[in-house]
Amino acid sequence: MLAPPNLSYLNAKTGIRSWLLTTDHKRIALLYFASITFFFAVGGIAATLIRFELITPGPTLGSPDFYNRLFTMHGIIMVWFFLIPSIPATMGNFMIPMMIGARDLAFPRLNLASWYFYIAGGIVTITALLLGGVDTGWTFYEPYSTFYATGYVILTVFGIFLSGFSSILTGLNFIVTTHKLRAPGMTWYRLPVFVWSTYATSLILVLATPVLAMTLIMLLVERVFHVGIFSPQLGGDPLLFQHMFWFYSHPAVYIMILPSMGVISELVPVFARKPLFGYEFVVWCSIAIAGIGFLVWGHHMFVAGQALYASLAFSFLSYLVAVPSAVKVFNWIATMHEGWIHFDAPMLYAFGFIGLFTVGGLTGLFLAALAVDVHVTDTYFVVAHFHYIMVGGAVMGYFGGLHYWWPKITGRLYPDYWARFAAILAFFGFNLTFFPQFILGYLGMPRRYQSYPPEFQVWHVLSSAGASILAVGYALPLFYFSWSILKGKRAPANPWHATGLEWTTPSPPPPANFEETPVVIRPPYQYDREGNPLMQADNG
Amino acid sequence: MAERATSFQYATLTQQRETATLGMWAFLSTEVLFFGALIAAYINYRIWFGAEFIAAASMTKVALGTANTAILLTSSACMASAVWSNEAGSRRGAVWWLVATAALGVAFVGVKFFEYSLEYGERLVPAVNFDSTRYSGATEIFFTFYFCATLLHALHLLIGVGLVGWLIHRIGRRGVDDGPATRLIGLYWHFVDIVWIFLFPLIYLAGRNG
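Chains as they are written, first to last, in the working numbering: chain A, 217 to 756; chain B, 15 to 224.
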């Protein structure tokens with residue numbers, strides 16, 4: 217402990233300029249971590265207020281207009297400023313070069329630029345929200361958003377537009393890095409699954425985000441100049457807006473979930489001390505999800521008036537996209553079969569992910585069924601479904617990955633007892649928050665309503681009680697992670713007995729990641745009979 | 015024996031070049047979807063409004079559009095020649111072909127703005143002076159798309175002119191460019207040209223077969 221710390225990316229340079237002008241992917245990942253945590257807190261506060269508001273059937277905290285602005289702010293912040301960048305921009309940024317044996321991403325300056333775009337978009341959007349916010353919902357449906365909404369639509373949309381550049385630059389960087397900067401011996405089938413998942417995610421980032429950008433430009437043109445594009449009173453087609461919006465926003469769901477699946481695919485083999493079952497299936501399922509995910513957007517519009525035959529096709533394709541997702545779940549379970557399972561905190565999050573994602577995925581099939589969807593469209597059933605995917609799935613994976621790579625990123629260990637406690641608390645809090653919402657929705661409670669009939673109150677109170685537990689589960693890591701930075705034990709290079717290249721280098725890593733470019737000699741997730749890891753490259 | 019790369023994350027200069035090229039292609043794929051979204055929305059209305067859109071399209075200045083197509087195609091040929099000259103090691107050739115490319119790019123934008131001024135005179139500019147007593151609502155939507163598409167294209171072209179200007183300065187001062195920059199800017203320039211090749215028939219020619 218008293219030995220002087222090795223030279224690492226954290227202490228190689230000091231001063232605020234060395235952080236704000238850094239091109240080191242590890243430092244940029246930390247910049248993203250800090251800013252994403254801020255936005256997660258803002259979105260979380262909005263969620264807390266929503267759950268507080270819904271404890272009573274009538275208005276509790278403010279007017280219906282206030283409530284509309286509240287859930288809109290929650291949606292916008294959580295979707296574009298937390299979930300979309302969450303795992304790729306933080307752990308992806310940090311780990312992809314390390315996992316493939318590179319010294320940095322292909323374009324380090326673009327990487328820094330992406331963070332500045334993210335911050336600029338964030339500042340503009342937060343400004344709009346502070347000035348009074350918007351009441352359109354995060355979906356900005358036409359013609360409401362251009363001709364009727366009274367809030368700061370223009371400013372908010374512009375903020376989201378700016379943050380899109382951040383998505384595109386990050387995705388572009390990851391694609392090129394994965395193609396061109398792999399270390400000798402790192403073939404495609406030796407890549408850790410996390411790299412494949414972020415690669416698939418990057419394809420969506422690069423190909424879907426520009427469509428959102430154009431859609432938002434058209435929305436802005438219509439709102440600013442009052443000329444017809446989508447608004448029916450000027451001859452336009454509001455359904456066209458929905459098509460274009462969901463052409464981005466449905467694949468965006470896969471931007472959120474695919475990186476999480478990648479994290480889980482890292483965690484399960486390591487904590488079961490076994491190779492990942494069906495590696496090729498898992499990686500090609502990521503690509504399949506990214507591909508098919510582009511063809512399912514119309515399932516958001518079953519009752520919006522699109523053609524029945526279009527709905528049939530979208531329904532079928534939505535069932536189809538569930539297949540590769542299910543294959544992954546079976547592969548994780550098969551990996552654990554007869555494994556030597558270690559119940560460390562990251563693995564508990566992985567368990568949480570698998571269970572909650574399965575519930576979210578299966579209820580997605582309810583919604584993909586044309587007849588059932590008519591009954592539950594725009595109800596809390598939908599709200600519960602996508603929170604099982606985005607919070608139960610994506611956020612569980614985010615915390616799982618954070619707990620897994622924390623010792624590598626900071627060079628410190630955290631108190632395992634508290635971490636396991638937080639994981640279990642989050643799991644129970646989550647279920648108590650969102651399971652009642654399935655029932656509420658099935659009984660007919662519409663989403664986005666401040667007031668509701670008194671017979672629904674018991675479910676809302678249960679949900680709000682769960683939210684308070686969930687909030688504690690999410691706040692705890694802030695405390696023990698802070699403690700670990702100040703007082704935690706120093707982490708060894710490979711505390712979890714993992715096999716990837718990122719674990720062959722000291723914790724925290726030196727500025728150039730590796731002393732020498734590693735030569736990869738075997739696939740990931742290999743263990744000998746005693747459960748000792750067989751590293752992908754022999755160190756030194 | 016491979017040359018050393020100029021940035022620390024690469025092992026060889028070849029790897030650095032290939033990486034930059036792939037990066038540009040990835041960026042262009044983003045751009046394809048960006049313009050693709052606008053074009054898809056336009057085609058949707060073109061089919062929906064049918065005859066009204068054809069009537070609106072016949073108000074565009076097809077002679078100027080055709081002239082601009084010729085100008086832009088020529089500029090792409092100049093750009094290709096510039097890339098070729100640069101690789102052949104001719105500094106003078108590269109600079110002059112690039113000057114021609116940029117000049118044609120500026121000429122395109124000039125013609126485009128002349129065209130805008132004619133449309134302004136006919137009170138066809140939505141949100142500025144569109145005369146809804148003379149023209150239908152579908153015509154306004156057509157011209158909204160027309161201005162969005164051509165202005166975004168012109169913006170991309172002006173960025174291209176800026177990049178070519180930077181390249182002229184660099185090659186003029188330091189001699190032929192041995193990195194990937196010339197080739198990458200060439201790719202970008204051709205892409206902007208291709209966007210116009212899609213916009214020109216969709217906006218000016220569709221339905222004009224009389």
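From the three backbone atoms N, C-alpha and C, an ideal C-beta is built for every residue, glycine too.
Cβ neighbours of glycine 617(A) within its own chain (closer than 7 angstroms, five residues either side excluded): Ile303, Met307, Val479.
Neighbours of valine 392(A) in chain B, taken as residues whose beta carbon is under 7 angstroms from its own, are Thr33, Leu36, Gly37, Ala40 in chain order. Contact residues of the stretch 45-61 of chain B toward chain A are Glu45, Val46, Leu47, Phe48, Phe49, Gly50, Ala51, Leu52, Ala54, Ala55, Asn58, Tyr59 (C-beta to C-beta distance below 9 angstroms). When DSSP reads this structure, glutamine 742(A) sits in a beta bridge with Leu750(A). Taking the Cα positions, threonine 74(B) is about 35 angstroms away from threonine 196(B). In terms of CA proximity to serine 534(A), Phe510(A) leads the group Gln522(A), Val543(A), Phe510(A). In this model, isoleucine 217(B) and leucine 177(B) are separated by some 28 angstroms (Cα to Cα).
Judged by DSSP in its simplified three-state form, arginine 663(A) adopts coil rather than helix or strand.
Contact between the stretch 162-176 of chain B and the stretch 202-221 of chain B is present: 3 or more CB-CB pairs across the two stretches fall below 8 angstroms. The shortest C-alpha to C-alpha distance from leucine 572(A) to any of Leu345(A), Ser476(A), Ala585(A), Ala399(A) is the one to Ser476(A). Pairing asparagine 82(B) with leucine 456(A) gives a Cβ-Cβ distance that is not under 8 angstroms.
Listed in chain order, the positions of the stretch 140-158 of chain B with a beta carbon within less than 7 angstroms of a beta carbon of chain A are Pro140, Ala141, Gly151, Ala152, Glu154, Ile155, Thr158.
A contact is defined here as three or more CB-CB pairs under 8 angstroms, and the stretch 395-407 of chain A meets this definition with respect to the stretch 313-323 of chain A. Taking CB atoms only, serine 99(B) has no neighbour in chain A less than 8 angstroms away. Between leucine 388(A) and chain B, the shortest Cβ-Cβ separation is below 8 angstroms.
Shown here, threonine 147(B) sits in coil according to DSSP, grouped into three states, outside any helix or strand.
Closest in alpha carbon position to proline 693(A), among Val422(A), Val427(A), Ala642(A), is Ala642(A).
Thr431, Ile433, Met434, Val437, Glu438, Val440, Phe441, His442, Val443: these are the residues of the stretch 431-443 of chain A whose beta carbon lies less than 9 angstroms from some beta carbon of chain B, given in chain order. Counting only runs of 3 or more residues that sit fully inside the stretch 51-81 of chain B, no beta strand (DSSP E) segment turns up. For the stretch 319-339 of chain A, the set of residues with a beta-carbon nearer than 9 angstroms to any beta-carbon of chain B comprises Arg319, Asp320, Leu321, Ala322, Phe323, Pro324, Leu326, in chain order. Annotated three-state conformation of arginine 137(B) is coil, per DSSP.
Around the Cβ of glutamine 653(A), a 10 Å sphere holds 16 or more other Cβ atoms; the residue is buried.
Here DSSP, grouped into helix, strand and coil, assigns threonine 595(A) to strand.
Contact between valine 427(A) and tyrosine 464(A) holds, since their C-beta atoms are separated by about 5 angstroms, short of 8 angstroms.
Each of Tyr604(A), Gly451(A), Lys544(A) was checked against the Cα of glutamate 496(A), and the nearest Cα belongs to Lys544(A). Sequence-distant Cβ neighbours of leucine 201(B) in its own chain, meaning closer than 6 angstroms and more than five residues away, are Met38. Sorting Tyr357(A), Asp240(A), Ala322(A) by C-alpha distance to the C-alpha of isoleucine 391(A) places Ala322(A) at the top. Interface flag for proline 540(A) against chain B is unset, since no Cβ pair is found closer than 8 angstroms. In the structure shown, arginine 398(A) falls within a coil segment according to DSSP collapsed to helix, strand and coil.
Here the alpha carbon of proline 448(A) sits roughly 11 angstroms from the alpha carbon of isoleucine 155(B). Assignment of alpha helix (DSSP H) within the stretch 364-396 of chain A, counting only whole runs of 4 or more residues, yields 369-396 in chain order. Nearest to serine 418(A) by C-alpha distance, out of Asn227(A), Gly609(A), Asn389(A), Lys703(A), is Asn389(A).
In this structure, the alpha-carbon of methionine 460(A) lies about 49 angstroms from that of glycine 704(A). Looking at the backbone, the Cα of valine 735(A) and that of leucine 717(A) are separated by about 10 angstroms. Taking a cut-off of 8 angstroms for Cβ pairs, the stretch 422-438 of chain A and the stretch 43-51 of chain B touch, as three or more such pairs fall below it. Contact between the stretch 352-364 of chain A and the stretch 265-274 of chain A is absent, with fewer than three C-beta pairs closer than 8 angstroms.
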